[in-house]
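Have a look at the structure below, then the notes.
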Amino acid sequence: MQIPRRKRGALTPQENLFMNNRSIPRASRFPITGLALLVSLNSLCLISPFIQADDDVPTSVTAPASDDTAAVTLGTVSVIGQGETRQVQRVTQKDVSAYSAGTSPLKVLQRLPGVNFQSGDPLGREEGSQRISLRGFDMHHLGYTLDGVTLGNMSFGNFNGLSITRAIIAENIAASEVAPGIGSLGTASNSDLGGTIQFTSLNRPGF
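Position in the sequence shown counted from 1, then plus 1465, gives you this note's numbering.
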């Protein structure tokens, strides 16, 4: 029996089977480990520029305070105040000048809270129709003074003094103070049950 000769470079069937088995790719036993390694390398490549940038930023150093600055001592400041035992509202000469000339001094007080003034005259000078009240107390229960001198109310035939409209005009009043409630012991009035209205005259040159 004649054995066929093998051509030069030809492989036997066993060799072909062995070579075919080597060319088949085999699945990796650790596929997740390889993927995690790839992700870690990519993350490191992205973070490294920022790390380098942070290293380049110089850190600021606070300079110590200089000992050449001397402490400055301020002078003594005195604050002097005047206490009020109760609520007091004031009307100044500037407020009076906003009204027409000849306006009643009591009409000027109607701008204050709690004060109600009524009169048949636009200027408030008609004594027969004048009515003033302070937080519900009418004019018979209020005390009136001018420079500390007792005044009377605007009622007809009053017996406790001259009314403010007859004593002085509004242009000659420097300030007016309204104090609601029972008048203090220093108020020269015997009818200040509901409050006091104190007027201060203006010092005119030559008078």
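C-beta atoms are modelled at their ideal positions from N, C-alpha and C, and glycine is treated no differently. Since we're looking at a predicted model, the values are computed, not measured.
In the three-state reduction of the DSSP assignment, SER1666 falls in the strand class.
The straight-line gap separating the alpha-carbon atoms of ASN1623 and ILE1634 is approximately 20 angstroms. Considering only ALA1632, LEU1658, ILE1638, the residue with the shortest C-alpha distance to ALA1644 is LEU1658. Sorting GLY1646, ILE1647, ASN1655, SER1641 by C-alpha distance to the C-alpha of LEU1667 places SER1641 at the top. DSSP lists LEU1616, ILE1662 as the bridge partner or partners of TYR1609.
Note on geometry: alpha-carbon atoms of GLY1540 and THR1534 lie some 19 angstroms from one another. The shortest CA-to-CA distance from ILE1629 to any of ILE1647, PRO1578, ARG1600, THR1661 is the one to THR1661. Closest in C-alpha terms to PHE1602, from the list LEU1588, GLU1636, GLY1585, SER1656, comes SER1656. Counting C-beta atoms within 10 angstroms of its own C-beta, LYS1559 has fewer than 16 neighbours from the protein chains shown and is therefore classed as exposed. Under a 10 Å Cβ-count criterion, GLN1583 is classified as exposed, with fewer than 16 other Cβ atoms of the shown protein chains found around its own Cβ. Note on PRO1587: under 16 other CB atoms within 10 angstroms of its CB, so exposed under the neighbour-count rule.
Among the bridge pairs identified by DSSP, VAL1643 is matched with GLN1554, ILE1662. Looking at the DSSP output, ASN1581 shares a beta bridge with SER1598. In this chain, the alpha helix (DSSP H) harbouring ALA1632 covers 1629 to 1632.
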